[in-house]
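Protein chains in written order, with our numbering: chain A, 727 to 1127; chain B, 727 to 1127.
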């Protein structure tokens, strides 16, 4: 075999994707309770799947035809209206680029901005895909630590200390994975000031934007000075419960959108037509707002509150923060893990093996995540959240007591 | 705005994608006859869209859920069986990576093999996406010319002359875009010998593999020595008429597949679940073979034969080759263009403006394509092929005679 490039060796395989593959092949799937990958278990809005099913039957060629790389104009128009309505930002539909989910959004944003040697600042812990994508472009990863003590809120002072002349971008995820933290207005304002002062990009990952249980996330480029230096990543996976349709969008300055579109032509040509038509329907007839207000948020809020109660009850020595948004509890388990003489990864592996419960080791999200586990509350219904938490409690107490 | 990376400046915008976007926005779409983008106008097999529509209605959460990055095991198993049946090659399902269409296949194959400075040999003319994707990875493009005189068949002698110590890969597309040429068994055998001798990868782009009107394309890695140095790109866009579902697959040595999967995790996470389920159905109940034999090939063969007849009739001074496969005529128009004092791009622009017929300028496929145009016969039905060719003839004769 001729040699491979160095790219595969400079990145690591996603451990969460490895778990996804294992679960897909597991024979005993039913008995496994997953607090692992953040996969919504809710079906998408009825009207959306009905619309797509009908279109597949009645206009099959249209439903599966090529579209432009930027995406169907009607969908981009609806998205621009929706951004204005929910976040007060005005975007021309040409400043909206449809992408194959948030992952492709991050990838094209980094591709269009990062040169080898550039530094990108991300939080620690944070979504594990950022560091690997940055490395694929030769970028250097700098990490800004956050902790349970400060409610996983980043500090502007610490941020300014790690900014260097090589800083090219900062990635902000709010609501956050893995912590559920919604960033403060004050932080965003300060971040924008720093981005202007030191001339770097803000990549605002807003894939969980509509999953919040109280305070909405501040919107970065609602601040005028941010507009020319912010690329925002959006996904329909979470808000429409369609992770497997692989559809999202990116907004940003026109020149950046044009650059990302150009690159995307050679990565994936164009987004899925079927997924785009489904998302056109999602924005019509008030379906989106109704689905979020009546189905998604109430369902997830109940599950979140239940998991919170059970963590307090079954794992009283654990420390966590009630998530204001997104899908996850990030739980500091160090008191238990020390008593068990296990690290978070060993704990997660054995918990799956012994009790058939999936949790994600905190170290996968950064060094500061060591001793923590991430548990999602959106994949399982309430009875199985109860059952899973009971199994975790039984497993822990078999060691600790 | 902070600076963008250099990537957008080293590649060019795809002129074919620009035309796709223009057509999408055109008000007078109906009157435009497109011999442009190779978009099949046939609907996909009835059973496939029915199956997907039913699944969306009855199991919506499953139809749009995350899958593993490599793809649903059942689909990969069916693909492995299909490759054995049609091409006599044995692949383990783990050596099949599902991708978001042929474009992503090419992109991940190059990402996993090409370092900055490596040379990749492609034909001239050839599919315009290769050169830009190579450049995105810092690779250098070397071109092997082919011409209408030799039926667009590449020469082994000329190939060996441009191989250098930096040659890392050769991209072979058969059946070919833009020429419709199916490569010879002799060329493939010689290519494999050279790849072994000079230790380079063969990237075999087989996206048109089932679109042939006589002789099937030789299969590169059916030759044992090719197995460890060939990555094959497959797409369902052409064979199932589902370009807008964005689904295809890649095969290759296990280590290369593992590397490509790892990279893909950070490009697009996972392929579309809905598209994968549709393609599972495509492989069942003999649907695929029946659809190809009874619908696709007879329909396209008729259109191809009609267009050939009309080219001979209306453009007697043009030179072309009856395509053995794929979707296109590549027509040497130099006799006309010289008389008209226009190059191929000017000709195509004016033809669209004056006569509302889309053809693709040959120069977009490489310098050797200058003076040619590419015309697809799969997008329009026969009456519109007739009408389009009449308009071209009228346009040309208004100048020439």
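We put the CB at the ideal spot given by N, CA and C, even for glycine.
Residues that residue i bridges to, as DSSP identifies them
| i | result |
| --- | --- |
| residue 1129(A) | Examination of residue 1129(A) is not possible in this model, given that chain A is present from 727 through 1127 alone. |
| residue 836(A) | Note: residue 836(A) sits in no beta bridge, so no partner. |
| residue 856(B) | Answer is none; residue 856(B) lacks a bridge partner. |
| residue 1015(B) | DSSP, once it has assigned bridges, lists no residue as partnering residue 1015(B). |
| residue 1101(A) | 1055(A) |
| residue 759(B) | 1083(B) |
| residue 960(A) | 975(A) |
| residue 867(A) | 846(A) |
| residue 825(A) | 974(A) |
| residue 938(A) | 1051(A) |
| residue 1045(A) | 1058(A) |
Same chain, Cβ closer than 6 angstroms to residue i, five either side skipped, listed in chain order
| i | result |
| --- | --- |
| residue 1117(B) | 1081 and 1083 |
| residue 864(B) | 842 |
| residue 1095(B) | 851, 1088 and 1089 |
| residue 936(B) | 965 and 1018 |
| residue 1104(A) | 766, 1026 and 1053 |
| residue 972(A) | 826 and 827 |
| residue 889(A) | 924 |
| residue 1007(B) | 774 and 777 |
| residue 1102(B) | 761, 764, 1053 and 1054 |
Sub-7 angstroms separation of residue i and residue j beta-carbons
| i | j | result |
| --- | --- | --- |
| residue 801(B) | residue 986(B) | no |
| residue 964(B) | residue 924(B) | no |
| residue 867(A) | residue 857(A) | yes |
| residue 779(A) | residue 796(B) | no |
| residue 1056(B) | residue 943(B) | no |
| residue 765(B) | residue 792(A) | yes |
| residue 998(B) | residue 828(B) | no |
| residue 948(A) | residue 815(A) | yes |
| residue 1100(B) | residue 1086(B) | yes |
| residue 817(A) | residue 993(B) | no |
| residue 976(B) | residue 825(B) | yes |
| residue 1119(B) | residue 1040(B) | yes |
| residue 743(B) | residue 980(A) | no |
| residue 831(B) | residue 959(B) | yes |
| residue 819(B) | residue 803(B) | yes |
| residue 836(A) | residue 859(A) | yes |
| residue 1107(B) | residue 790(A) | no |
| residue 747(B) | residue 794(A) | yes |
Length of the line joining the Cα atoms of residue i and residue j
| i | j | result |
| --- | --- | --- |
| residue 910(B) | residue 899(A) | 53 angstroms |
| residue 715(B) | residue 946(A) | Because chain B spans 727 through 1127 in this model, residue 715(B) falls outside it and cannot be assessed. |
| residue 995(A) | residue 739(B) | 11 angstroms |
| residue 846(B) | residue 821(B) | 24 angstroms |
| residue 798(B) | residue 727(B) | 42 angstroms |
| residue 897(B) | residue 950(B) | 18 angstroms |
| residue 902(B) | residue 918(A) | 50 angstroms |
| residue 1009(B) | residue 941(B) | 23 angstroms |
| residue 1125(B) | residue 1076(B) | 12 angstroms |
| residue 876(A) | residue 1065(A) | 25 angstroms |
| residue 1031(B) | residue 848(B) | 29 angstroms |
| residue 809(A) | residue 749(B) | 27 angstroms |
| residue 1113(A) | residue 989(B) | 36 angstroms |
| residue 1067(B) | residue 759(B) | 24 angstroms |
| residue 731(A) | residue 807(B) | 30 angstroms |
| residue 741(A) | residue 1011(B) | 37 angstroms |
| residue 1122(B) | residue 882(B) | 37 angstroms |
Whole-angstrom C-beta distance between residue j and residue i, which should lie under 8 angstroms
| i | j | result |
| --- | --- | --- |
| residue 1092(B) | residue 851(B) | 4 angstroms |
| residue 781(A) | residue 1003(A) | 6 angstroms |
| residue 957(B) | residue 861(B) | Wrong, their Cβ atoms sit about 19 angstroms apart, outside the cutoff. |
| residue 908(B) | residue 762(B) | No, residue 908(B) and residue 762(B) are not in contact; Cβ-Cβ is about 23 angstroms, not under 8 angstroms. |
| residue 874(A) | residue 1021(A) | Wrong, their Cβ atoms sit about 31 angstroms apart, outside the cutoff. |
| residue 1023(A) | residue 774(A) | Their Cβ separation, rounded to whole angstroms, is 17 angstroms, which puts residue 1023(A) and residue 774(A) out of contact at 8 angstroms. |
| residue 920(B) | residue 844(B) | Not confirmed; about 16 angstroms, so no contact. |
8 angstroms Cβ shell around residue i - same chain, five flanking residues per side excluded
| i | result |
| --- | --- |
| residue 1025(B) | 768 |
| residue 1044(A) | 1037, 1057, 1058, 1059, 1061 and 1062 |
| residue 922(B) | 951 and 955 |
Own chain residues within Cβ distance below 7 angstroms of residue i, not counting five before or after
| i | result |
| --- | --- |
| residue 839(A) | 894, 895 and 927 |
| residue 915(A) | 949 |
| residue 813(A) | 945 and 948 |
| residue 880(B) | 849, 870, 872 and 913 |
| residue 1029(A) | 1103, 1104, 1108 and 1111 |
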